[in-house]
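Student: Sequence order for the protein chains is P and V. FYI, the numbering for the first sequence is 303 to 415, going by the numbering used here. FYI, the numbering for the second sequence is 2 to 113, going by the numbering used here. We put the beta carbon where it would ideally sit given N, CA and C, even for glycine. Can you keep this structure in mind? I'll have questions shortly.
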Amino acid sequence: DAGVTQSPTHLIKTRGQQVTLRCSPKSGHDTVSWYQQALGQGPQFIFQYYEEEERQRGNFPDRFSGHQFPNYSSELNVNALLLGDSALYLCASSFGGQGDTQYFGPGTRLTVL
Amino acid sequence: TQLLEQSPQFLSIQEGENLTVYCNSSSVFSSLQWYRQEPGEGPVLLVTVVTGGEVKKLKRLTFQFGDARKDSSLHITAAQPGDTGLYLCAGEAPYNFNKFYFGSGTKLNVKP
């Protein structure tokens, strides 16, 4: 049973570019959440997808957008990259409602030069 | 500003010592989770506490949820080098499914 997988592992971009990160949830999970973890900080909630719709959103600008596909996999898109977007981007999957266990993927390390 | 404040930020101890990590907030959470994160990996869930005053034990780790569900502690007895890592607490916002607010973490180093 594969856990949460993310791709790519590492990514280097320059300011102003756009990036797409991908996540496949754990088998049987229907909810995907995305987090940004800056160096030395805890993860910050970006948004959550359920039934192909954004269900929750954290305090992130519209440059951050996402999508969930019918197979529950998800993408995180960031436009007009800034140096401050450099971080580890984590995807977490869970099933359904409140309090369910989230399982995190290994993350994608994004560096913006 | 972090919704959840963790203390201490860094802890370096000798194998066999005991330690306590604190997670405090002025907000009420419907549940609180503790994670451990190794370098280059995602956080791994250790425990979820839901009821105010709840105490859970996981081998040498003891977790407590405050009576008012605003704070929590993690106590490790007889720490081992394998306990080294970043310990994160995360509170689940009431009425928001799986929306978690993380603390900035406590980096623990256990020296042999």
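Between V/TYR23 and chain P, is the shortest Cβ-Cβ distance under 8 Å, so that the two count as touching?
Tutor: Judged by the 8 Å Cβ criterion, V/TYR23 is not in contact with chain P.
Student: Roughly how many whole angstroms lie between the Cα atoms of V/PRO40 and V/GLN7?
Tutor: One C-alpha to the other measures close to 19 Å.
Student: Exposed or buried, V/GLY53, counting other C-beta atoms within 10 Å across all chains shown (16 or more means buried)?
Tutor: Answer is exposed; the Cβ neighbour count stays below 16.
Student: Determine which residues share a DSSP beta bridge with P/GLN358 and list them.
Tutor: Answer by DSSP bridge pairing, in chain order: P/GLN350.
Student: V/TYR102 versus chain P: which residues are under 8 Å apart at the beta carbon?
Tutor: Ordered by position in chain P, the residues that pass the 8 Å Cβ test against V/TYR102 are PHE347.
Student: So if DSSP puts P/PHE371 in a beta bridge, which residue, or which two residues, is it bridged to?
Tutor: In DSSP, P/PHE371 forms no bridge with anything.
Student: For V/ALA94, is the classification buried or exposed, using 16 other Cβ atoms within 10 angstroms of its Cβ as the cut-off for buried?
Tutor: By the neighbour-count rule (16 or more Cβ atoms within 10 Å), V/ALA94 is buried.
Student: Please identify the residue among V/LEU4, V/GLY17, V/LEU5 and V/PRO9 whose C-alpha is closest to the C-alpha of V/LYS112.
Tutor: Answer by Cα proximity: V/GLY17.
Student: Check the C-beta distance from P/LEU415 over to P/ASP387 and give it rounded, since I have them as a contact under 8 Å.
Tutor: So it is not a contact: roughly 11 Å between Cβ atoms.
Student: Given that V/GLY43 touches chain P, what residues does it touch there, using C-beta distances under 7 Å?
Tutor: Result: LEU392, PHE406, GLY407, PRO408 and GLY409.
Student: Between V/TYR102, V/GLN15, V/SER28 and V/TRP35, which has its C-alpha nearest V/VAL22's C-alpha?
Tutor: Checked all of V/TYR102, V/GLN15, V/SER28 and V/TRP35; the closest Cα to V/VAL22 is V/TRP35.
Student: For a test of the three-state rule: what should DSSP assign to P/LEU415, helix, strand or coil?
Tutor: Coil, per DSSP.
Student: Which same chain residues end up closer than 7 Å to P/GLY318 when comparing Cβ atoms and leaving out the 5 residues on each side of it in sequence?
Tutor: For P/GLY318, where only same-chain residues beyond five positions count, the Cβ hits under 7 Å are ALA382 and LEU383.
Student: Please list the terminal residues of the continuous beta strand (DSSP E) segment that includes V/GLU18.
Tutor: That residue, V/GLU18, is in no beta strand (DSSP E); it is neither H nor E in DSSP.
Student: Does the beta carbon of V/SER124 come closer than 8 Å to any beta carbon on chain P?
Tutor: Residue 124 of chain V lies beyond the residue range present for chain V, which begins at 2 and ends at 113; the question has no answer from this structure.
Student: Touch check for the region 319-334 of chain P and the region 365-382 of chain P: three-plus C-beta pairs under 8 Å?
Tutor: Yes, they touch.
Student: Do you know whose CA, among P/ASP364, P/GLN338, P/CYS393 and P/PHE366, lies nearest P/SER376's CA?
Tutor: Of the listed residues, the one whose Cα sits closest to P/SER376 is P/CYS393.
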